[in-house]
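Undergrad: One structure, as structure tokens, below. Some questions next.
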Amino acid sequence: MGLFDRLRGDDDGRVVFLGIDGVPLDLVEDHPDVFENLTEIAETGSGGRLESIVPPESSACWPSLTTGVNPGATGVYGFQDRERDSYETYVPLGRHVEATRLWDRVTDAGRDATVLNVPVTFPPSTRIQRMVSGFLSPDLESAASDESVRETLDGFDYRIDVNAKLGHDDDKTEFIENAHATLDARYEAFSHYLAQDDWDLFFGVFMSTDRVNHFLFGDYANDGEYAEEFLEFYRKLDGYIGEIRDSLDDDTTLIVASDHGFTELEWEVNFNQFLADEGWLSYADDDHDSLTDIDDETRAYSLIPGRFYLNLEGREPEGVVPESEYEATREALIDDLESLTGPDGRQVCKRIVKGETVFDGDHDDIAPDLVVIPADGFDLKSGFSGKEAVFTEGPRNGMHKFENSLLYATDPDIDLADANLFDVTPTVLDLMDVDAADEFDGESLLG
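What the sequence shown shows, in the numbering used here, is residues 1 to 447, in sequence order.
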């Protein structure tokens, strides 16, 4: 870093942001011996809870974190969204994010940004200094912004993501090895470009944490077979964070944050099957596997995670719920959702959020009417095959959680009281002395 400090020679703030996808605050706080570096950052700088967004899914969280606005403004609500005036669905990519990203604001201010492995950034932007797209990129060749980057990353055995299919095996050994290899390569790439690039903003995300949590969090929570391997993975991650922190000069702020929390998974809840059982959803024939297969008697349907839509006249192409009956129908759906209990007798829906209370912007016309925040242990699914029961068990034992995401920073002046994901972008811009219009759903956390 010393070489580029000399090259730059100015006093503008510089920031390194490291994302650790899905890492919950209580995991860090309960294991200071595993997270020695994050614990030290909290003691000398700042550290604490960061509220996630509705819904707490990576595909929606990262666009909001990197723009400072809610899904009604980003246009991305989850891993699967519905086309306007159609029942066709699509997987949102970077090009679907309609709000201005943090690194574009930095670039527009005449500063330089290096961005590596951020989810929902494919295809990679060529208007910033350097970008390698992350989660949802089809392959490394198309994820890297230029050929020289691809060649460099190949040398690190870099991969876009952990091979999650390995986590489906009862024996998790190969999955754990793959997760470590992915983490190692990510750190090597981050270290390389931290040293090589003359950046003002370095923004990189460790996604392998989310994958490890999905398949090993239950082992950790119950002191199961792979509990120690789970903690060893995190001990390595914390060590890498410490190495990066130690490489930075005193004028550079390091921020480490997660996009959502995590908890143990006990049951997968197939909500479209529940809707079918309760008479809300039906299909045109017996051969169905997508939203396009619903019939004209369907009053409601669900998309992951826990998003519910009325089949509304004038909005859906074959809507059947009259606008005049919208509120009454939605309240009836809320009543049915609140009545659902799991095999253990617990209520599935911890909280039901009305869309207009959390979504606002130019793209709120595609917002869900309701979003369910589930009780711990219930992971919300929305397949359309009708081949599964409402409650099933799968290979995963960890699930996303709205509460309990985190933010740590080397700057002691960051105030995390009531902090949320929308505050990250304005905080980074404030640290970098980059002016931005007052158009965020959050605000700077600098005291």
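Note that CB positions come from ideal geometry on N, CA and C, so glycine has one too. Small disclaimer: the values here were computed from a predicted structure and weren't measured.
Which residues in the same chain as PRO343 place their Cβ atom closer than 8 Å to its Cβ, once the five residues preceding and following it in sequence are excluded?
TA: Excluding positions up to five away in sequence, the list reads TRP267 and PHE391.
Undergrad: Quick check on this structure: which residue in ARG49, LEU429, LEU136 and VAL16 has the alpha carbon closest to the alpha carbon of ASP26?
TA: For the residues ARG49, LEU429, LEU136 and VAL16, the minimum Cα distance to ASP26 belongs to ARG49.
Undergrad: Name the two residues that bound the continuous beta strand (DSSP E) containing LYS236.
TA: Premise fails: LYS236 lies in the alpha helix (DSSP H), 227-247, not in any beta strand (DSSP E).
Undergrad: Quick one: residues in its chain with C-beta nearer than 7 Å to the C-beta of GLY394, no 5 flanking neighbours on either side, listed in chain order?
TA: Taken in chain order, the residues that qualify are GLU268.
Undergrad: In this structure, how does DSSP classify ARG14 when only helix, strand and coil are distinguished?
TA: Strand.
Undergrad: What does DSSP give as the partner residues of MET399 in its beta bridges?
TA: DSSP lists THR263 as partners of MET399.
Undergrad: With H, G and I counted as helix, E and B as strand and the rest as coil, what does DSSP make of PHE79?
TA: If DSSP states are grouped into helix, strand and coil, PHE79 belongs with coil.
Undergrad: Rounded C-beta distance between PHE202 and ARG186? I'm assuming under 8 Å.
TA: That pair is no contact at about 13 Å.
Undergrad: When you compare only the Cα positions, how much space is there between MET399 and PHE378?
TA: Cα to Cα, the separation comes out at about 8 Å.
Undergrad: Which of the three DSSP states is assigned to ALA42 in this structure?
TA: Helix at ALA42.
Undergrad: Whole angstroms is fine: what's the gap from ASP112's alpha carbon to ILE160's?
TA: Near 23 Å, if we compare the C-alpha coordinates of ILE160 and ASP112.
Undergrad: Look at the Cβ atom of LEU194, then the Cβ atom of THR410, and state whether they are nearer than 7 Å.
TA: Their beta carbons are not under 7 Å apart, which means LEU194 does not touch THR410 by this criterion.
Undergrad: Between which two residues does the alpha helix (DSSP H) carrying SER58 extend?
TA: 58-65 is the span of the alpha helix (DSSP H), which, as asked, contains SER58.
Undergrad: Tell me whether ALA328 is buried or exposed, calling it buried when 16 or more other Cβ atoms sit within 10 Å of its Cβ.
TA: Exposed.
Undergrad: Tell me whether the beta-carbon of ASN404 lies closer than 7 Å to the beta-carbon of GLY261.
TA: Result yes, Cβ atoms of ASN404 and GLY261 sit closer than 7 Å.
Undergrad: I'd like to confirm the pairing. Which residues does DSSP put opposite PRO374 in its beta bridges?
TA: Bridge partners of PRO374: CYS349.
Undergrad: In angstroms with no decimal places, state the Cα-to-Cα distance between PRO426 and VAL256.
TA: Taking the straight line joining both Cα atoms gives about 15 Å.
Undergrad: What number of angstroms, rounded off, separates the C-alpha of LEU281 from the C-alpha of TYR309?
TA: Near 11 Å, if we compare the C-alpha coordinates of TYR309 and LEU281.
Undergrad: Pull up the CB-CB distance for HIS363 and GLY72, whole angstroms please, since I reckon it's below 8 Å.
TA: Rounded, the Cβ-Cβ distance is 6 Å, consistent with contact.
Undergrad: Should SER372 be labelled buried (16 or more other beta-carbon atoms within 10 Å of its own) or exposed?
TA: Reading off the sequence shown, one finds Val at residue 372, where the question assumed Ser. Counting Cβ neighbours within 10 Å, VAL372 comes out buried, since at least 16 surround it.
Undergrad: First and last residue of the beta strand (DSSP E) that includes ARG130?
TA: Segment 130-133, the beta strand (DSSP E) holding ARG130.
Undergrad: Could you check which residue in ASP430, LEU406 and GLU356 has the C-alpha nearest to that of VAL54?
TA: Minimum Cα distance to VAL54 is reached at GLU356.
Undergrad: DSSP puts ARG111 in a beta bridge; with which residues?
TA: Its beta-bridge partners do not exist; DSSP assigns none.
Undergrad: Counting only runs that start and end within the segment 297-332, where is the alpha helix (DSSP H) found for 4 or more residues in a row?
TA: For the segment 297-332, not a single whole alpha helix (DSSP H) run of length 4 or above is found.
Undergrad: SER59: which of ALA109, SER137, THR126 and PRO32 sits nearest, CA to CA?
TA: Cα-wise, what sits closest to SER59 is SER137.
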